[in-house]
Amino acid sequence: DVGSCPKLGQCPGVKDCAVITDEYGIGHIPPFVPLAAVKNAYQALSQSQPNKMCADWFNYETDGCNIKKSVLDELVLDQFGEDLDGETVVKFPPPILIDGVPSKTYYRLEYINEKSAYGEDCGG
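To convert, note that position 94 of the sequence shown is 361 in our numbering; the numbers rise steadily by one, no gaps.
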(Lines of atoms letter the chains of each structure in order from A; the text may use other names.)
(Lines give C-alpha, C1' and ligand atoms only; values in the text may rest on other atoms or scores of the structure.)
Protein backbone atom coordinates (compact mmCIF):
# COMPACT_ATOMS: atom_id res chain seq x y z
CA ASP A 268 0.00 0.00 0.00
CA VAL A 269 1.77 3.11 -1.27
CA GLY A 270 -0.37 5.36 0.96
CA SER A 271 1.16 3.80 4.06
CA CYS A 272 4.74 4.70 3.05
CA PRO A 273 6.36 7.51 5.05
CA LYS A 274 6.41 10.85 3.23
CA LEU A 275 9.41 13.17 3.14
CA GLY A 276 9.11 16.05 5.56
CA GLN A 277 5.89 15.20 7.40
CA CYS A 278 5.26 16.84 10.77
CA PRO A 279 5.77 14.18 13.44
CA GLY A 280 2.41 13.17 14.89
CA VAL A 281 0.44 15.89 13.05
CA LYS A 282 -2.01 15.01 10.27
CA ASP A 283 -2.02 17.00 7.00
CA CYS A 284 1.17 18.88 7.79
CA ALA A 285 4.62 19.21 6.15
CA VAL A 286 7.84 20.63 7.59
CA ILE A 287 10.16 22.99 5.73
CA THR A 288 13.91 22.29 5.63
CA ASP A 289 16.89 24.03 4.08
CA GLU A 290 17.85 20.79 2.33
CA TYR A 291 14.49 19.91 0.72
CA GLY A 292 12.27 22.96 1.09
CA ILE A 293 8.61 22.13 1.72
CA GLY A 294 8.07 18.45 2.56
CA HIS A 295 5.55 16.22 0.80
CA ILE A 296 2.21 17.92 0.21
CA PRO A 297 -0.62 16.53 -1.94
CA PRO A 298 -1.19 18.20 -5.33
CA PHE A 299 -4.45 19.82 -4.22
CA VAL A 300 -2.50 22.14 -1.85
CA PRO A 301 -0.49 24.05 -4.51
CA LEU A 302 -3.51 23.88 -6.83
CA ALA A 303 -5.62 25.62 -4.19
CA ALA A 304 -2.84 28.14 -3.48
CA VAL A 305 -2.58 29.07 -7.18
CA LYS A 306 -6.37 29.17 -7.64
CA ASN A 307 -6.92 31.35 -4.57
CA ALA A 308 -4.07 33.74 -5.44
CA TYR A 309 -5.22 33.95 -9.06
CA GLN A 310 -8.75 34.83 -8.00
CA ALA A 311 -7.40 37.53 -5.67
CA LEU A 312 -4.96 39.06 -8.20
CA SER A 313 -6.69 38.59 -11.55
CA GLN A 314 -9.03 41.52 -10.97
CA SER A 315 -6.61 43.93 -9.31
CA GLN A 316 -3.12 43.17 -10.69
CA PRO A 317 -3.18 40.71 -13.63
CA ASN A 318 0.01 42.08 -15.22
CA LYS A 319 1.95 41.85 -11.96
CA MET A 320 0.89 38.23 -11.61
CA CYS A 321 2.21 37.33 -15.07
CA ALA A 322 5.47 39.19 -14.56
CA ASP A 323 6.08 37.74 -11.08
CA TRP A 324 4.88 34.17 -11.56
CA PHE A 325 6.50 33.24 -14.90
CA ASN A 326 9.95 33.35 -16.50
CA TYR A 327 9.75 31.67 -19.88
CA GLU A 328 13.54 31.48 -20.33
CA THR A 329 14.11 29.47 -17.15
CA ASP A 330 10.74 27.79 -16.48
CA GLY A 331 8.85 27.78 -19.76
CA CYS A 332 5.12 28.01 -19.15
CA ASN A 333 5.41 26.73 -15.57
CA ILE A 334 4.99 28.87 -12.48
CA LYS A 335 8.41 29.42 -10.92
CA LYS A 336 9.05 27.02 -8.02
CA SER A 337 9.99 29.91 -5.72
CA VAL A 338 6.64 31.57 -6.46
CA LEU A 339 4.70 28.34 -5.95
CA ASP A 340 6.43 27.80 -2.60
CA GLU A 341 5.63 31.39 -1.60
CA LEU A 342 1.95 31.00 -2.54
CA VAL A 343 1.69 27.78 -0.52
CA LEU A 344 3.41 29.39 2.49
CA ASP A 345 1.29 32.53 2.29
CA GLN A 346 -1.94 30.54 2.39
CA PHE A 347 -1.05 27.45 4.40
CA GLY A 348 2.00 28.38 6.47
CA GLU A 349 1.47 28.12 10.24
CA ASP A 350 3.62 28.24 13.33
CA LEU A 351 4.07 24.87 15.06
CA ASP A 352 6.28 24.93 18.16
CA GLY A 353 8.30 27.87 16.83
CA GLU A 354 8.78 26.48 13.31
CA THR A 355 6.88 27.38 10.16
CA VAL A 356 5.09 24.37 8.68
CA VAL A 357 2.57 23.87 5.88
CA LYS A 358 -0.74 22.73 7.38
CA PHE A 359 -3.75 22.13 5.18
CA PRO A 360 -7.33 20.87 5.38
CA PRO A 361 -8.59 18.06 3.12
CA PRO A 362 -10.28 19.16 -0.15
CA ILE A 363 -13.81 18.46 1.05
CA LEU A 364 -16.85 20.16 2.53
CA ILE A 365 -16.41 20.60 6.27
CA ASP A 366 -19.73 21.10 8.07
CA GLY A 367 -21.25 21.90 4.67
CA VAL A 368 -18.71 24.64 3.89
CA PRO A 369 -15.90 24.24 1.32
CA SER A 370 -12.47 23.93 2.93
CA LYS A 371 -9.68 26.25 1.80
CA THR A 372 -8.47 23.45 -0.51
CA TYR A 373 -11.95 22.36 -1.69
CA TYR A 374 -11.87 20.62 -5.04
CA ARG A 375 -14.98 18.61 -5.87
CA LEU A 376 -13.35 16.27 -8.38
CA GLU A 377 -11.07 14.91 -5.66
CA TYR A 378 -14.09 13.18 -4.09
CA ILE A 379 -16.63 12.50 -6.85
CA ASN A 380 -19.43 11.20 -4.61
CA GLU A 381 -19.47 14.29 -2.40
CA LYS A 382 -22.23 16.85 -2.90
CA SER A 383 -21.04 20.04 -4.58
CA ALA A 384 -20.87 23.28 -2.64
CA TYR A 385 -21.82 25.17 -5.79
CA GLY A 386 -24.87 23.27 -7.03
CA GLU A 387 -25.25 20.26 -9.27
CA ASP A 388 -24.45 22.05 -12.55
CA CYS A 389 -21.21 23.62 -11.42
CA GLY A 390 -17.79 21.99 -10.98
CA GLY A 391 -15.52 22.56 -8.02
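Built from N, CA and C at the ideal position, the CB exists for glycine as well. Note that the structure is a prediction, hence the values are computed from the model and not measured.
Within 7 Å, strictly: CB atoms of residue i and residue j
i, j, result
"ALA285", "GLY294", "yes"
"LEU351", "ALA304", "no"
"GLN346", "ASN318", "no"
Distance between residue j and residue i (C-alpha atoms, nearest Å)
i, j, result
"ILE365", "CYS321", "33 Å"
"GLY390", "GLN310", "Any reading at GLY390 must be qualified, since the residue scores a pLDDT of 46, below 50, and its modelled position is unreliable; no value is offered."
"GLN316", "PHE325", "14 Å"
"SER313", "ILE363", "25 Å"
"ASN333", "TYR327", "8 Å"
"TYR373", "LEU302", "10 Å"
"LYS371", "PRO297", "14 Å"
"SER337", "VAL368", "31 Å"
"GLU354", "PRO361", "22 Å"
The beta strand (DSSP E) enclosing residue i, as first and last residue numbers
i, result
"LYS208", "Outside the displayed range of the chain (268 to 391) lies residue 208, so it cannot be described from this structure."
"LYS282", "Note, LYS282: premise wrong, no beta strand (DSSP E); not H, not E."
For residue i, the nearest candidate out of the options (CA to CA)
i, options, result
"VAL281", "PRO369, ASN307, VAL356, GLU290", "VAL356"
"PHE359", "PHE299, ILE287, THR329", "PHE299"
"ASP340", "GLY276, GLU354, ILE287", "ILE287"
Extent of the continuous alpha helix (DSSP H) run through residue i
i, result
"ASP350", "That residue, ASP350, is in no alpha helix (DSSP H); its beta strand (DSSP E) goes 348 to 351."
"GLU328", "327 to 330"
Paired residues, beta bridge with residue i - DSSP
i, result
"GLY292", "THR288"
"LYS358", "CYS284"
"ILE363", "For ILE363, which the question treats as bridged, DSSP gives no partner whatsoever."
"VAL368", "ILE365"
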